[in-house]
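*Asks:* Have a look at the structure that comes next, please.
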Ligand SMILES: Cc1cc2nc3c(=O)[nH]c(=O)nc-3n(C[C@H](O)[C@H](O)[C@H](O)COP(=O)(O)OP(=O)(O)OC[C@H]3O[C@@H](n4cnc5c(N)ncnc54)[C@H](O)[C@@H]3O)c2cc1C
């Protein structure tokens with residue numbers, strides 16, 4: 469398809485990688501991000517083999533690998549740090565790490581710089597509040613009342629996507645009954661792989677993000693009405709980590725600043741049926757969100773970006789390209805979300821060996837080409 473005017477709503481992993489992928493195919497691209505700045509602080513995440521493979525296809529793997537820390541194995545331990553089980557996901561990029569840990573600010577910097585370099589316009593502080601479309605085009609409305617016209621809108625506005633609702637898609641995220649707690653810490657030398665510690669109803673762990681930084685997480689069963697954090701988060705985090713022994717005990721005792729603790733409820737979602745209406749298509753968490761235990765939300769987001777650009781290249785019309793895009797993606801998204809949901813259930817029953825088997829099988833399936 470010839471050059472299209474494309475607006476991307478949301479400058480997260482899905483939106484920024486879509487900007488790069490679509491620019492590589494010659495489209496005119498603007499990203500509208502409601503935050504006034506790219507993140508300068510905050511948590512990190514694991515980019516698995518499928519993430520790195522998809523980043524490779526748009527030339528972003530090396531920048532991410534340089535900005536992150538290589539992870540080749542997951543050590544699942546008891547609370548004393550004895551390794552009970554290892555998950556060794558397949559390597560998907562020859563000569564490169566199996567996966568990496570990377571800080572959110574570092575990832576955002578690599579992706580936003582690449583999108584700008586590729587020629588995308590990146591507009592910060594631009595919140596989309598409405599959307600109107602007809603057969604010839606689509607317009608988005610910003611908070612200041614201004615409008616932007618486009619041939620196609622890519623809604624990459626996250627799990628609580630307002631655009632999903634605005635275009636009449638009724639699927640909503642379901643709460644999986646667990647919260648994830650996170651804080652970044654200085655990286656101890658021994659934390660050079662992803663390590664989890666499995667205790668009663670809590671899975672905790674430490675993930676290296678760089679030579680100097682790491683992040684610590686734990687999961688917690690919570691009720692439907694307990695999704696908004698309050699109280700002394702640092703003290704509560706320390707309490708959740710209380711069963712940990714050895715080297716992790718010292719790290720736990722250093723968690724004292726509640727402002728640096730992030731506690732988020734986890735959701736699951738797969739939009740059933742087409743992921744588009746007219747000229748507006750959902751990608752990333754707006755279309756599918758999974759329990760973080762699968763560490764694969766970013767992989768799905770980057771793959772969405774790559775596949776969308778491919779389908780727009782070959783599709784004879786926008787309608788056919790978007791239909792084909794959703795059809796290519798939904799089974800893979802369902803695989804990840806279902807595995808994540810099962811992991812959360814098994815974690816709640818302290819059935820960790822089975823949980824790790826579910827994760828290992830899903831990783832093996834995700835190694836298949838997209
Ligand atoms: C605790 C936790 C840990 C995780 N760990 C991992 C991991 O280790 N590995 C992994 O692969 N995945 C992980 N994930 C999942 C991963 O973070 C997500 O899948 C990924 O960030 C989704 O990216 P996105 O761009 O679709 O959405 P988001 O990152 O949510 O980005 C959406 C963007 O849209 C913007 N926006 C929203 N509405 C508007 C609007 N109206 N106008 C303009 N801008 C708007 C937002 O400001 C935001 O920047 C984790 C998730 C959680 C919650």
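In this note's numbering, the protein residues as written are 469 to 838. Positions of the beta carbon are idealized from the N, C-alpha and C atoms, including for glycine.
Should residue 646 be counted as a contact of ligand 1 given a C-beta to heavy atom distance under 6 Å?
*Replies:* The residue you call residue 646 lines up with position 178 of the chain shown. Answer for residue 646: no, Cβ out of range of ligand 1.
*Asks:* For residue 515, list the residues DSSP reports as bridge partners.
*Replies:* Working through the chain shown from its first residue, we reach residue 515 at position 47. Bridge partners of residue 515: 568.
*Asks:* Per DSSP, what are the beta-bridge partners of residue 634 in this structure?
*Replies:* Start at 1 with the first residue of the chain shown, and residue 634 comes out as number 166. Answer is none; residue 634 lacks a bridge partner.
*Asks:* For residue 501, count neighbouring C-beta atoms within 10 Å of its own C-beta (all shown protein chains included) and say buried if the count is 16 or more, exposed if not.
*Replies:* As a working note, residue 501 is residue 33 in the chain shown. Looking at its Cβ environment, which holds 16 or more other Cβ atoms inside 10 Å, residue 501 is buried.
*Asks:* Round the Cβ separation of residue 479 and residue 580 to the nearest angstrom and send it over; I've been treating them as touching at under 8 Å.
*Replies:* Your numbering for residue 479 matches position 11 in the chain shown. Your numbering for residue 580 matches position 112 in the chain shown. The distance from the Cβ of residue 479 to that of residue 580 is about 7 Å, consistent with a contact at the 8 Å cut-off.
*Asks:* List the whole-angstrom C-beta distance separating residue 761 from residue 811, where the pair is believed to meet the contact cut-off of C-beta under 8 Å.
*Replies:* On the chain shown, position 293 is the one that residue 761 refers to. On the chain shown, position 343 is the one that residue 811 refers to. Going by Cβ atoms, the distance from residue 761 to residue 811 rounds to 4 Å, so yes, they are a contact pair.
*Asks:* Please report the straight-line C-alpha distance between residue 683 and residue 525, rounded to a whole angstrom.
*Replies:* To locate residue 683, count along the chain shown from 1; it is residue 215. To locate residue 525, count along the chain shown from 1; it is residue 57. Going from the Cα of residue 683 to the Cα of residue 525 covers about 28 Å.
*Asks:* Among 751, 702, 821, which one has its Cα closest to the Cα of residue 731?
*Replies:* Reading the chain shown from its first residue, position 263 is the one you call residue 731. Looking at the Cα atoms, 702 is the closest of the given residues.
*Asks:* For residue 712, which residues of its own chain have a beta-carbon under 7 Å away from its beta-carbon, when the five flanking residues on both sides are left out?
*Replies:* The count along the chain shown starts at 1 and reaches residue 712 at position 244. In the same chain as residue 712, and ignoring 5 residues on each side of it, the C-beta atoms closer than 7 Å to its own belong to 547, 665, 672, 720, in chain order.
*Asks:* With respect to 6 Å, is the separation between the Cβ of residue 764 and the closest non-hydrogen atom of ligand 1 below this value?
*Replies:* As a first step, residue 764 must be located in the chain shown, where it is residue number 296. Because some heavy atom of ligand 1 lies under 6 Å away, the Cβ of residue 764 counts as near it: yes.
*Asks:* With DSSP collapsed to three states, give me the class of residue 764.
*Replies:* Reading the chain shown from its first residue, position 296 is the one you call residue 764. Residue state, collapsed to three classes: coil.
*Asks:* Hey, residue 803 and residue 833 are a contact pair by Cβ (cut 8 Å); roughly how many whole angstroms apart?
*Replies:* Position 335 of the chain shown, counting from 1, holds the residue named residue 803. Position 365 of the chain shown, counting from 1, holds the residue named residue 833. So it is a contact: roughly 6 Å between Cβ atoms.
*Asks:* I'd like the list of long-range same chain contacts for residue 678, defined as Cβ closer than 6 Å, with 5 residues on each side in sequence excluded.
*Replies:* For the purposes of this step, residue 678 is taken as the residue at position 210 of the chain shown. Contacts found: 537.
*Asks:* Determine the extent of the beta strand (DSSP E) in which residue 652 is found, giving its start and end residues.
*Replies:* For this step, residue 652 is matched to residue 184 along the chain shown. Residue 652 -> beta strand (DSSP E) spans 642–654.
*Asks:* Rounding to the nearest angstrom, what Cα-Cα distance links residue 510 and residue 734 in this structure?
*Replies:* For the purposes of this step, residue 510 is identified with residue 42 of the chain shown, where counting begins at 1. For the purposes of this step, residue 734 is identified with residue 266 of the chain shown, where counting begins at 1. C-alpha of residue 510 to C-alpha of residue 734: approximately 17 Å in a straight line.
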